[in-house]
Amino acid sequence: MQRICEAQLTSALAPISAPLQRRLPDEEAQTLAVLLAQMADRYPSQDLQDSLEGYLLDFEDLALKYSLPIVKEALRTLRTKPGQSFFPRPDEVAEEIERQQDERNRAADMSRHQQRRAREIAEFWAWAPGWMADTGNDEAELLRRWPSYRGTKTGALSGDGAAQGSSRANVVPISARDRKSTAAGDIDDAA
């Protein structure tokens, strides 16, 4: 075995004098500095000389956490927010970023829900004719048993399912078929 000298052991276990900090790339850091300087000019009644350097570090941390474009969007939103009469503090910007992310997440959830519901409707109306034929029930009975699909048939005939190559447009509910055959039978009986 190789002997480890005391100097190697001590240097390996020595504490680091300053913690390593992640920093933005120089180009992004410069962009952020210019943006903050421009924003400071929009608030001439506020003396930001002493606090701007600290703000820059805080905004850089936000840019590392979220990304520079997201921080810029939050600053843009706060800059034009009614009643915003002071330079936005980093905590206000962080709140705005969280609010925007929540809004985007809600919109994405709503979109996924709408897409899932559209698929369910398309699948239901693709399945419904077979069920009606197998059970001998009409569309009214179908909708009595599955009321959440009332009023959805027109949407099922166009849109997502049509693109998948289904031929629901040719599906005629049993009740309408029954009326046609009954009407044809009545004509034959009358003749």
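For the sequence shown, the tail end lands on 244 under my numbering, and the numbers increase by one without skipping. Every residue gets a Cβ at the ideal spot worked out from N, C-alpha and C, and that includes glycine.
(request) Please go through the region 118-155 and give each complete alpha helix (DSSP H) segment of 4 or more residues, from N-terminal end onward. (result) 121-132
(message) Please report the straight-line C-alpha distance between P122 and T84, rounded to a whole angstrom.
(response) 10 Å
(request) Out of S120, D79, R75, F139, state which residue places its alpha-carbon closest to the alpha-carbon of S98. (result) F139
(request) Sort A179, Q153, A186, E145 by Cα distance to K206 and report the nearest one. (result) A179
(message) So, with DSSP's three-state summary, where would you put Y265?
(response) The structure shown has nothing for residue 265, since the chain only spans 54 to 244.
(request) Go to T207, then tell me how far its alpha helix (DSSP H) extends in each direction, as first and last residue. (result) 206-210
(message) With distance defined between alpha-carbon atoms, name the residue in Y202, Y108, R129, D187 nearest to D144.
(response) Y108
(request) Spatial neighbours of L117 within its chain, please: CB distance less than 6 Å, with the 5 preceding and 5 following residues excluded, ordered by chain position. (result) R75
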